[in-house]
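Chains as they are written, first to last, in UniProt numbering: chain A, 1 to 434; chain B, 1 to 434.
Below is one structure, written out as structure tokens; comments come after it.
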């Protein structure tokens with residue numbers, strides 16, 4: 001690649017050409033410094049005004065912050081420089097000047113609200129701590145895929161344009177597809193099951209999902225990244241083992257491979273990989289423990305969904321990731337299988353971070369006739385899903401799986417306040433661009 | 001995971017429980033064989049009628065093909081069995097019976113057309129050679145990501161719901177987004193550029209793109225997988241180096257890691273990793289060579305786009321992957337930069353497989369004012385793209401990139417006839433489900 005050295009690779013004693021953004025200019029009178037920033041870090045460029053070509057000095061010190069410059073010169077050791085080296089420029093080219101009025105200050109000296117940050121993501125991403133979030137996000141996805149492969153899973157890609165939503169017509173974004181009504185898919189659920197029922201058996205997918213929910217909270221998005229697993233011949237506990245393995249692999253990879261990024265985020269001391277097995281509480285145990293905390297005004301009874309304050313109280317009580325298993329059938333979707341000996345009790349499970357739900361999963365209903373009943377009980381027309389249900393007539397093995405929220409995983413691993421900090425260009429009720 | 005041994009791991013001398021689909025039953029009279037198939041292969045289950053429990057024999061031999069069964073018993077060496085071992089069942093459970101009338105025969109003895117195959121993908125994917133395509137597809141994506149990381153790229157995810165299309169309002173699927181008009185994104189182009197202009201610098205994305213094109217050919221899809229790259233401080237030749245590296249990495253990974261899958265596809269002899277550098281022809285050289293083949297009725301002149309027959313003639317003439325560089329500006333999109341010394345000539349390039357175009361790329365226009373002019377020349381309103389253009393005022397470095405068609409890559413690597421064979425659930429004008 002071009003004649004360019006990353007700032008982190010500029011070695012004392014050599015000539016180098018570095019290129020990047022003007023982070024800062026410090027003019028001390030006879031001497032001045034331009035701090036140049038690229039993706040690998042920052043480097044000091046020294047101007048000794050009396051000893052250097054006037055035009056070079058004028059150009060170098062007259063350039064506005066965040067302009068792109070290219071500097072060639074000798075690299076020398078300089079213990080007082082931020083990275084221990086500095087460049088004495090022989091030439092300097094202003095490659096792309098920046099307007100001096102910046103809508104957002106990448107040096108981070110002026111705080112910006114999340115809306116200004118998202119409107120100016122290019123500038124926002126020039127901050128070390130913002131770049132660090134997305135470098136870590138990429139590492140998490142890499143580690144998660146590797147862990148799925150350890151679990152013998154094949155990566156799949158399922159369609160995002162679909163004829164029917166996973167759970168019927170609610171909360172779907174409608175599309176016009178060559179004159180026909182279609183929708184953006186809210187979950188790969190039905191498709192991943194169709195593949196798990198083939199000889200591929202175990203699959204994972206990381207891809208976008210679309211939910212037209214009216215929520216506008218710090219933990220909901222209308223377009224999100226779903227990390228999905230489905231495995232033939234798996235039951236709910238097998239799927240929980242996979243979910244636990246994947247979440248732990250993400251923490252371990254960040255811990256091992258993202259030291260610089262954790263430092264940029266000020267997390268180098270406090271970052272911890274979860275230890276030990278995640279406790280598996282039944283729903284019944286969960287509501288008993290929530291009631292025992294005394295945090296809720298009204299005691300929960302069997303059959304209630306868990307309110308946000310209940311999840312919070314339980315999260316504080318448990319103090320680590322944990323599963324909630326064996327939910328009442330009626331608050332889980334139709335494709336979750338009930339226990340064979342108790343049809344009020346489902347095999348559905350959630351994996352919780354103390355702050356919020358990360359994963360929802362369960363063993364699936366694999367018996368054709370029971371599946372059709374499930375559609376009807378949910379008020380859905382099974383005929384509309386025939387492309388899915390008919391494959392259950394031809395040897396559909398028992399199977400289980402889960403969906404893990406990608407942004408929630410990043411958000412909880414890094415302790416981010418708002419889920420919008422975990423996605424480059426979030427989509428919510430108010431935001432459709434950039 | 002459960003008490004189950006993959007057929008490929010069943011060792012002679014041990015007891016094992018295997019589970020999978022009934023591939024075939026061969027009844028030879030006193031002795032009969034059930035061939036059980038799972039994701040790792042097939043295993044023979046032996047029934048000696050006179051020496052075994054009648055009910056066990058009846059159940060095992062009465063089960064319909066493609067039913068799911070679970071068999072426990074002793075594994076013994078048997079040189080005449082397909083895999084050299086067989087199981088003598090002590091118990092057999094029919095886990096999920098299959099309807100005896102199968103809409104598609106996974107044994108492959110009866111050919112099925114592509115439409116029947118896609119309507120019954122679960123059954124279709126039980127064929128070794130179909131499963132092999134998707135195992136290889138997953139390996140290609142893994143290898144491509146790894147190669148991008150070698151090139152110092154960070155994985156990104158950009159939004160699929162957008163306010164404006166990359167190239168304006170044509171060929172977009174419209175969505176209703178909370179009462180507002182929006183579209184499904186046809187390319188991550190604008191978004192990846194916004195990230196390349198931050199300190200992240202080099203990015204890649206593998207994700208869905210959506211094109212409302214009326215084409216209905218064996219090489220077009222309306223929902224496809226795009227493999228995108230964008231790099232700051234890169235020119236067109238740098239981007240070509242990355243494209244070439246990524247395509248070669250895909251071939252190498254298939255060659256090294258997919259021996260069984262290539263065999264299932266009958267490609268073990270003929271599969272070849274491309275050798276040597278991909279030639280880089282200018283557009284001018286390309287039209288001269290096409291004209292010299294004499295395959296076209298009308299000679300091409302400078303400024304013509306290349307017709308499909310022209311690409312085909314050139315592909316046969318060159319006989320390997322090749323680039324076409326330096327296209328006329330007017331047949332490339334506005335965001336492709338022109339040469340500084342000739343504004344009729346763009347930096348745009350295509351990477352061609354002899355059969356078809358794989359990649360389109362180029363250096364991007366990074367100068368704010370020239371970019372605005374480009375929108376206007378294309379008949380687009382730059383104000384509608386302000387979320388994108390305004391970031392070009394704040395130090396946008398020169399950058400270059402490309403988009404590589406994921407399904408076309410799989411299709412050309414494996415010599416598939418129809419692009420629909422390279423995607424699990426294709427979307428085209430006629431097909432919206434499954």
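Note that CB positions come from ideal geometry on N, CA and C, so glycine has one too.
None of the values given here were measured: they were computed from a predicted structure.
Which first and last residues belong to the beta strand (DSSP E) in which residue 121(A) is found?
Membership of residue 121(A) in any beta strand (DSSP E) is not indicated; the residue belongs instead to the alpha helix (DSSP H) covering 121 to 124.
My parser needs the beta strand (DSSP E) runs of 3 or more residues fully inside the region 248 to 299 of chain B; what are they?
280 to 282
Going by the DSSP bridge assignment, what does residue 70(A) pair with across the sheet?
19(A) and 93(A)
Hey, quick one: how far does the alpha helix (DSSP H) through residue 195(A) stretch, first residue to last?
Element bounds for residue 195(A): 189 to 196.
Where residue 365(A) falls, given that 16 or more other Cβ within 10 Å makes a residue buried
Per the 10 Å Cβ criterion, buried.
Same chain, Cβ closer than 8 angstroms to residue 374(B), five either side skipped, listed in chain order:
334, 335 and 365
Are there 16 or more other CB atoms within 10 angstroms of the CB of residue 189(B), so buried, or fewer, so exposed?
buried
Residue-chain proximity (residue 131(A), chain B), Cβ-Cβ < 8 angstroms
yes
Within-8 angstroms CB hit, residue 21(B) to chain A:
yes
Pull up the distance between the alpha-carbon of residue 328(B) and that of residue 345(B), whole angstroms please.
Those two C-alpha atoms are separated by around 5 angstroms.
Taking the Cβ atom as the reference point for each residue, do residue 265(B) and residue 132(B) lie within a distance shorter than 8 angstroms?
yes
Can you tell which of 42(A), 27(A), 14(A) and 13(A) has the C-alpha that lies nearest to the C-alpha of residue 21(A)?
Each of 42(A), 27(A), 14(A) and 13(A) was checked against the Cα of residue 21(A), and the nearest Cα belongs to 42(A).
Going by the CB atoms, is the gap between residue 93(A) and residue 86(A) shorter than 8 angstroms?
no
Run down chain B in chain order and give the residues with a C-beta less than 7 angstroms from the C-beta of residue 223(A).
159, 160 and 161
Could you list which residues in chain B have their beta carbon closer than 9 angstroms to that of residue 391(A), in chain order?
120, 121, 122, 123 and 434
Could you tell me which residues DSSP pairs with residue 399(A) in its beta bridges?
232(A).
For residue 353(B), name the three-state secondary structure that DSSP assigns.
strand
If I follow the unbroken beta strand (DSSP E) through residue 210(B), where does it start and stop?
202 to 210
Quick check: the Cα distance between residue 30(B) and residue 116(B), rounded to an integer number of angstroms?
38 angstroms
By DSSP, does residue 213(A) sit in helix, in strand, or in coil?
coil
Is the CB-CB distance between residue 203(B) and residue 209(B) below 8 angstroms?
no
List, from N- to C-terminal side, the beta strand (DSSP E) runs of 3 residues or more that fit wholly inside the region 345 to 391 of chain A.
349 to 353 and 356 to 363
Going by the C-beta, is residue 215(A) closer than 7 angstroms to any heavy atom of the ligand SAH?
The ligand SAH is not part of the structure shown, which contains no ligands of any sort.
Does any CB atom of chain A fall closer than 8 angstroms to the CB of residue 198(B)?
yes
Roughly how many angstroms separate the alpha carbons of residue 499(B) and residue 28(A), rounded to a whole number?
As displayed, chain B neither begins before 1 nor continues past 434, which places residue 499(B) out of reach and without an answer.
Please report how far the alpha carbon of residue 164(B) lies from the alpha carbon of residue 174(B), in whole angstroms.
10 angstroms
Are any of the Cβ atoms in chain A nearer than 8 angstroms to that of residue 1(B)?
Low confidence applies here, because residue 1(B) scores a pLDDT of 47, under 50, leaving its location unreliable; read the following figure in that light. Taking Cβ atoms only, chain A reaches closer than 8 angstroms to residue 1(B), which makes this a yes.
Cβ shell of residue 129(B) (< 6 angstroms), same chain only, five flanking positions each side left out
264 and 265
Taking Cβ-Cβ distances shorter than 9 angstroms, what residues in chain A pair up with residue 396(B)?
68, 96, 98 and 122
Does the separation of the CB atoms of residue 155(A) and residue 401(A) fall below 8 angstroms?
no
Is residue 240(B) close to chain A? Criterion is C-beta to C-beta, closer than 8 angstroms.
no
Does residue 141(B) come within less than 8 angstroms of chain A when only Cβ atoms are used?
At least one chain A Cβ lies under 8 angstroms of residue 141(B).
Start and end residues, beta strand (DSSP E) containing residue 46(B):
41 to 48
Any chain B beta carbon closer than 8 angstroms to residue 411(A)
no
Chain-ordered neighbours of residue 427(A) on chain B, where CB pairs are closer than 7 angstroms
159 and 161
Give the residues of chain B in contact with residue 207(A), contact being defined as C-beta atoms less than 8 angstroms apart.
Within chain B, the residues near residue 207(A) are 207 and 208.
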